[in-house]
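So in numbering that gives the first Met the number 0, spot 542 of the sequence shown is number 541, and the numbers just go up one at a time.
Cβ coordinates follow ideal geometry from the N, Cα and C atoms, glycine included.
For reference, the structure discussed in these notes is given below.
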Amino acid sequence: MRGATGRIQVTSKASQMELNDASELSDALLSLPALTSSPQDTVNTCLQRAKLTLSFAQTHPAIPLALQKCTSDIDTLTRHMLNLALFGKLNNYNDHFLQHIIAAHLATYYLVASNLASSKLVKKSKDEAISQKKALLAFINDHHLTMWRQIIALQKVLFSSQSIKHVGEAKLTSLQRISLITSVFSYCTGAHSRSSLLAFIAQRVPTMQRTFLHPIASLISIPSPGAKVYVKAHPAIVIDIQKQHALVHSPSRNEDEKILWVKRTALLAPKDLYLSFEEFTGQYQACENARSVKGEQPFYPATFPIQRPPSALIAIIDELQKTDVDVPSLCQKVEKVPSFQQFLLSTASLDNRLKLTVTSLKQAILTYGLERVGDMLVQHALIERLTQHQYPLLAISKQFTTLACGIAAQLASITKTKFTPQSAALVTTFLCAPLFTLPGLKVATKLPVSQKDYFQIDKAFKVKSVSSWHAISGELAGNWHQSATWRAVIHQSGRRHAEVAASLKKEHAILQLAFGLAREYLFPLNARDAATDNTLDTLVRSVNLKSEDIRNVMDRLGEYLFCPLNLH
0 MRGATGRIQV TSKASQMELN DASELSDALL SLPALTSSPQ DTVNTCLQRA
50 KLTLSFAQTH PAIPLALQKC TSDIDTLTRH MLNLALFGKL NNYNDHFLQH
100 IIAAHLATYY LVASNLASSK LVKKSKDEAI SQKKALLAFI NDHHLTMWRQ
150 IIALQKVLFS SQSIKHVGEA KLTSLQRISL ITSVFSYCTG AHSRSSLLAF
200 IAQRVPTMQR TFLHPIASLI SIPSPGAKVY VKAHPAIVID IQKQHALVHS
250 PSRNEDEKIL WVKRTALLAP KDLYLSFEEF TGQYQACENA RSVKGEQPFY
300 PATFPIQRPP SALIAIIDEL QKTDVDVPSL CQKVEKVPSF QQFLLSTASL
350 DNRLKLTVTS LKQAILTYGL ERVGDMLVQH ALIERLTQHQ YPLLAISKQF
400 TTLACGIAAQ LASITKTKFT PQSAALVTTF LCAPLFTLPG LKVATKLPVS
450 QKDYFQIDKA FKVKSVSSWH AISGELAGNW HQSATWRAVI HQSGRRHAEV
500 AASLKKEHAI LQLAFGLARE YLFPLNARDA ATDNTLDTLV RSVNLKSEDI
550 RNVMDRLGEY LFCPLNLH
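Put into structure tokens, the structure is as follows:
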């Protein structure tokens, strides 16, 4: 299957299998691929089982949480994979990225297991096993599964307590380090307490990679599912937890109060006592009906859909589209979203000529005008949703988008165009959105920048998907209630400048320049060809600017040209 990076990228299909308990997941994970399996089948098997693991951890977060402290007969591989899912989700990793991490671990485990098995085979079978291993590694290399190669390189220590000896090595990538950290918390907890392991690791992990440890540290201090606690002087067992509440089973209470949700702050745990995992799962299954609760935030970080705007933003947009906007009513709607209010106050404080602190929301709105405020809030909400999950290319994707939006806004401010600086930045954000949404870019470790066609948006990156780049951007803009004019500009962004409708040529030129210049300054060519120079000259003339104007724009945006180190 062709993937989003333009190379063959293997992805899994959503499995129809539903797992009811950890033992079923364990059986699925421990089942080795057949010796006759092709490399592609093996990779797809790993991806499917990784998807099962993620789905199980998402549906039953209490299970991996209970395995943190409950004694259990569950095999260490299953605990390891559930720890990966748990730690990854608590760190807000993108699901597709996390699926590949788990799948790569499974592929590594199967390679280790096949090595052990082949040592006991007759020569012919041993040769076949070695040949299969070589074919799998060649497949992974040929299809540029860089993440998988990084994890497979750890195979000698990844599934044992030896991982603790290597977790602080300087040469590790961040992906390898989080793999070894998860291994430590999967294989070393029998001999060491979690708090001592955390202290040992924290001293050896580079400062920039310690953020991965924050959620793990928070798990140590909270009563997890399976904990023996007291609730208002009654002994109880924690069955499930959410952000603020916990489901407890308290046998000594009245019949209608034996199973109830209480605030987590009400749980008292004088001693760190836990049921065995098998006892806990029995109670967990018995409380199936009580586990369903609405209106509370789940234990994992909240996620928000990208394909539609938040309802609060829709209400604000509807208010702005009225012929006679009621500013006090608009302010009330903005105040309901603290992040919107803080954003407008902070930007208005920076943008006024005297740099005076703006404390009034009405003053902040009037600083920009009603039309511009709407564009700013839509862009702010869109960026928040596009960047809510972690993956290797997030930092460079954010930087590219910020630079491109800055160029578009600057060009709009010195050009006669339908764009305001705010609307130019907003439309450019929609054009950059595929950087954050295409699945193949979630598992790539290097942005696949094209070394030609610098001012053609659809050819900017070596990316293949079912839809064209501008079609993905245009669909998103439509879902976010953008005007027909802006959707038309986005739709025509995939065309050459000579093919664009005359009424949209200036807007098209600004978008092409913003996208192309951002690529050129962040990923410069060794030598530009004549076609690129001619296209640049055509676009600059279209908006009645000179080369000197472009240089001045880029000078003002110099702070965005610092390129973040690739720590992945």
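- Query: Where does Met207 land, buried or exposed, given buried means 16+ other C-beta within 10 angstroms?
  - Reply: exposed
- Item | Residue from Leu510, Leu560 and Ala530 with nearest C-alpha to Pro523 | Leu560
- Item | Residue closest to Ala216, alpha-carbon to alpha-carbon, out of Pro234, Ala232, Ala408 and Ser195 | Ser195
- Query: Using the rule of at least 16 other Cβ atoms within 10 Å of the residue's Cβ for burial, across every protein chain shown, is Ile272 buried or exposed?
  - Reply: Per the sequence presented here, residue 272 reads as Leu, with Ile not at that position. Exposed: under 16 other Cβ atoms inside 10 Å.
- Message: Pairs of beta-carbons, one from the stretch 341-348 and one from the stretch 386-406, closer than 8 Å: are there three or more?
- Response: no
- Grouping DSSP H, G and I as helix and E and B as strand, with all else coil, what is Ala640? The structure shown does not extend to residue 640, since the chain is modelled only from 0 through 567, so no value can be given for it.
- Item | At least three beta-carbon pairs within less than 8 Å, the stretch 217-236 to the stretch 248-263 | yes
- Ile258 versus Asp20: straight-line alpha-carbon distance, rounded: 21 Å
- Could you give the DSSP three-state label for Ile382: helix, strand or coil? helix
- Item | Proximal residues to Glu277 (C-beta, below 8 Å), its chain only, five neighbours per side dropped | Ser71 and Asp72
- Query: Along the chain, where does the alpha helix (DSSP H) that runs through Thr453 open and close?
  - Reply: For the record, residue 453 in the displayed sequence is Tyr; it is not Thr. From DSSP, Tyr453 is part of no alpha helix (DSSP H); its letter is neither H nor E.
- Message: Would Lys335 and Glu318 qualify as a contact pair, given that the criterion is a beta-carbon distance under 7 Å?
- Response: no
- Return the Cβ separation of His104 and Ser178 in integer angstroms, given the expectation that the two are a contact with Cβ distance under 8 Å. 7 Å
- Message: In this structure, how does DSSP classify Asn184 when only helix, strand and coil are distinguished?
- Response: It should be noted that the sequence gives Phe, not Asn, for residue 184. Phe184: helix per DSSP, three-state reduction.
- Item | Residue burial classification, Phe184 (beta-carbon count within 10 angstroms, cutoff 16) | buried
- Task: Note down the Cα distance separating Tyr299 from Gly225, rounded to an integer number of angstroms.
- Result: 18 Å
- Item | Endpoints, the beta strand (DSSP E) within which Asp576 is located | One cannot answer for residue 576 here, as it falls past the ends of the chain, which runs 0 to 567.
- Query: Taking the C-alpha atoms as reference points, what is the distance between Ile101 and Ile316?
  - Reply: 41 Å
- Item | Pair within 7 Å by beta-carbon distance, Leu157 and Ser182 | yes
- Alpha carbon of His388 to alpha carbon of His79, nearest angstrom: 22 Å
- Message: Among Ala423, Pro63 and Thr358, whose alpha-carbon lies nearest the alpha-carbon of Ser223?
- Response: Pro63
- Item | Spatial distance of Leu81 from Gly189 (CA atoms) | 17 Å
- Task: For Arg518, collect the residues of the same chain with a Cβ closer than 7 Å to its Cβ; drop the 5 residues on either side in sequence, then sort them by chain order.
- Result: Val448, Tyr453 and Ala459
- Query: How would you call Ala201, buried or exposed, if buried means at least 16 neighbouring beta carbons within 10 angstroms?
  - Reply: exposed
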